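Below you'll find the structure, written out as structure tokens, and then a few comments.
In the working numbering, the protein residues as written are 31 to 333.
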């Protein structure tokens with residue numbers, strides 16, 4: 031029987047880690063969060079420093095029972111949920127449920143490779159309580175805002191509405207933006223573009239930015255006179271017909287262009303939606319599969 035128990039979040043990851051760690055290790059999955067605030071009550075003792083009252087999530091009782099059974103047979107337990115705020119909280123909840131069993135340590139890895147996993151097992155750490163507290167603060171705020179404000183919406187607006195720490199602020203921003211759109215007064219403006227060529231017949235486009243001593247703004251809010259009608263644009267265009275154009279000056283300078291930063295969750299979802307038409311849920315499912323990797327015919331794994 032295994033002397034070391036490793037607990038991860040997903041079953042797919044558990045199967046992969048089992049191949050890496052081999053005999054002497056039992057690897058199992060907790061399936062994400064196992065405890066949370068109760069669904070039908072506030073679950074926060076406001077008069078006692080906002081102490082949360084956690085309960086095992088409905089449907090997770092069997093998993094918790096199995097985890098305790100495996101933990102009893104292990105002398106060392108490695109908690110390996112995801113390396114983020116939520117994962118740290120899951121590790122903390124697991125430790126709270128299994129603390130009367132073997133030695134409990136936290137391990138963290140950022141890629142599912144044999145090298146990363148074995149290195150993590152060799153270099154365990156304690157649970158990062160500041161990260162856990164950050165997750166708890168977020169969860170408690172979510173509950174307080176939703177639980178206290180939603181009933182008010184039912185009374186003042188209509189039944190079925192909900193409020194949230196992020197949701198309510200986002201709705202306000204959307205409403206304010208909609209009001210600005212409704213109040214916007216469109217202004218007509220015209221640009222004049224010319225297609226020119228040098229002596230080598232290399233073509234390029236140029237925008238009219240000045241007429242005589244008058245500079246021309248590209249948009250109404252920019253400095254300079256604006257071409258405000260089609261008739262005015264055609265009048266200027268007629269004046270420009272047959273004119274000779276010369277290059278008055280050439281300025282050269284170096285420009286630095288930084289590469290785009292790595293994706294975070296929000297930017298990944300935005301790009302997947304914009305370029306591929308994916309929903310946020312589909313994007314995250316695919317990202318999780320990429321993270322966990324896939325088995326190849328030669329029994330290796332990529333991801």
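Just so you know, even glycine gets a beta-carbon here, dropped at the ideal spot from N, CA and C. Note that the structure is a prediction, hence the values are computed from the model and not measured.
{"query": "From what residue to what residue does the beta strand (DSSP E) around residue 237 run?", "result": "233-237"}
{"query": "Quickly, what does DSSP pair residue 82 with across the bridge? List them, please.", "result": "74"}
{"query": "Locate the beta strand (DSSP E) running through residue 37, then write down its first and last residues.", "result": "34-38"}
{"query": "Please report the distance separating the alpha-carbon of residue 280 from that of residue 236.", "result": "13 angstroms"}
{"query": "At 4 residues or longer, what runs of the alpha helix (DSSP H) sit wholly inside the stretch 143-167?", "result": "144-152"}
{"query": "Is residue 299 near residue 310, with beta carbons less than 7 angstroms apart?", "result": "yes"}
{"query": "Please state the DSSP three-state secondary structure of residue 108.", "result": "strand"}
{"query": "In the DSSP assignment, the alpha helix (DSSP H) including residue 59 goes from what residue to what residue?", "result": "Looking at the DSSP string, residue 59 is not in any alpha helix (DSSP H); the run it does join, the beta strand (DSSP E), is 55-59."}
{"query": "Provide the residue span of the alpha helix (DSSP H) that contains residue 210, from first to last.", "result": "197-213"}
{"query": "Residue 119 to residue 166, Cα distance in whole Å?", "result": "8 angstroms"}
{"query": "Tell me the DSSP secondary structure of residue 257 in three-state form.", "result": "strand"}
{"query": "Taking only the alpha-carbon atoms, compute the straight-line gap between residue 208 and residue 183 and give it to the nearest angstrom.", "result": "21 angstroms"}
{"query": "Across the stretch 95-107 and the stretch 128-147, are there enough close Cβ pairs to call them in contact, namely three or more that are closer than 8 angstroms?", "result": "yes"}
{"query": "I'd like the list of long-range same chain contacts for residue 163, defined as Cβ closer than 6 angstroms, with 5 residues on each side in sequence excluded.", "result": "none"}
{"query": "Per DSSP, which residues does residue 222 bridge with? Please list them.", "result": "Paired residues: none, contrary to the question."}
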